[in-house]
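J.: Can you keep this structure in mind? I'll have questions shortly.
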Amino acid sequence: MSRKRGNDPQMRLEARRIINPARVWFVLQVVTASEERCEETLRAEQVDVWVPRFSAVTVRRGRKVEGRHPFFPGYLFAGLDQEVHARRWTATLHDTPQVIDILGVEGPLEMPADWLQALADRVTGNTRTEKLSAAALFRIEEMRPVIHGPFVGFMATVREILATGRIKADVAIFGRETPVEFDPAWLGAA
399 MSRKRGNDPQ MRLEARRIIN PARVWFVLQV VTASEERCEE TLRAEQVDVW
449 VPRFSAVTVR RGRKVEGRHP FFPGYLFAGL DQEVHARRWT ATLHDTPQVI
499 DILGVEGPLE MPADWLQALA DRVTGNTRTE KLSAAALFRI EEMRPVIHGP
549 FVGFMATVRE ILATGRIKAD VAIFGRETPV EFDPAWLGAA
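Per my numbering, residue 399 is the first one in the sequence shown, and the count goes up by one each step.
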């Protein structure tokens, strides 16, 4: 009987996070391993905080242990409400214990909420909305060239747009129409 040692690659992502676009978002550099303490302190001051995390099962001393780890150790995202924090603005963030700095070249750099939402969707594995919006550009019975993958150079006839955002198309291989599923990025413009 052999036991696994070291890290086990079983990993789960956290649930989808909705980024509030009404807030002004900053990236904070904090003391590594103190992300949770900073998060609690900032939430007490009415700051919206997001620390992207994943759950991983590791084997330690022969036992499986589940732990939550940050994707970006030493960093967290903080969203300030302009009305609530207008008086002290980023001083609220600087005065928080364990916060080293606010990222930016010439002063704090504001992060666009839509960029942060795209990052949140990507970190949590929710890229389905991007695929669905890309798939909406396709029409049934439309001929498209294949630009990526093993069928590069073939023409594909769109047959169906699947709920997952993938495109089901027919490709003529050796004179026969064969159904193939494509990612929207694999098919070029008509």
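Note that CB positions come from ideal geometry on N, CA and C, so glycine has one too.
#1: Going by the beta-carbon positions, is the gap between L514 and I416 smaller than 8 angstroms?
#2: Comparing alpha-carbon positions, which option in T522, V428 and E481 lies nearest P471?
#3: From K566 to A588, what distance separates their C-alpha atoms?
#4: Closer than 8 angstroms by C-beta to E508: which residues in its own chain qualify, once you throw out the five before and the five after it? Chain order, please.
#5: When the distance is taken between beta carbons, is V449 closer than 8 angstroms to P468?
#6: With a 10 Å radius around its C-beta and 16 neighbouring C-beta atoms as the bar for buried, classify F572 as buried or exposed.
#7: Could you please give the first and the last residue of the uninterrupted beta strand (DSSP E) stretch that includes R574?
#8: Tell me whether V455 sits in a helix, a strand or coil according to DSSP, three-state version.
#9: Consult DSSP for H483 and reduce its assignment to one of helix, strand or coil.
#10: Measure the alpha-carbon distance for D512 versus Q480 and round it to whole angstroms.
#11: Under the three-state reduction of DSSP, which class applies to R520: helix, strand or coil?
#12: Do T488 and I498 have their CB atoms nearer than 8 angstroms?
#13: According to DSSP, simplified to helix, strand and coil, what is Q427?
#14: Applying the 10 Å Cβ sphere with the 16-neighbour rule, what's the burial state of G460?
#15: What does the alpha-carbon distance come out to for the pair S453 and D446?
#16: Using DSSP bridges, identify the partner residues of P510.
T.: Based on what the coordinates show:
#1: no
#2: Selected option, being the one with the closest Cα: V428.
#3: 16 angstroms
#4: Same-chain partners within the cutoff: V422, W423 and F424.
#5: Yes.
#6: exposed
#7: R574 to F580
#8: strand
#9: coil
#10: Between D512 and Q480, the C-alpha separation is close to 18 angstroms.
#11: Here R520 sits in helix by DSSP.
#12: no
#13: strand
#14: exposed
#15: 22 angstroms
#16: DSSP, once it has assigned bridges, lists no residue as partnering P510.
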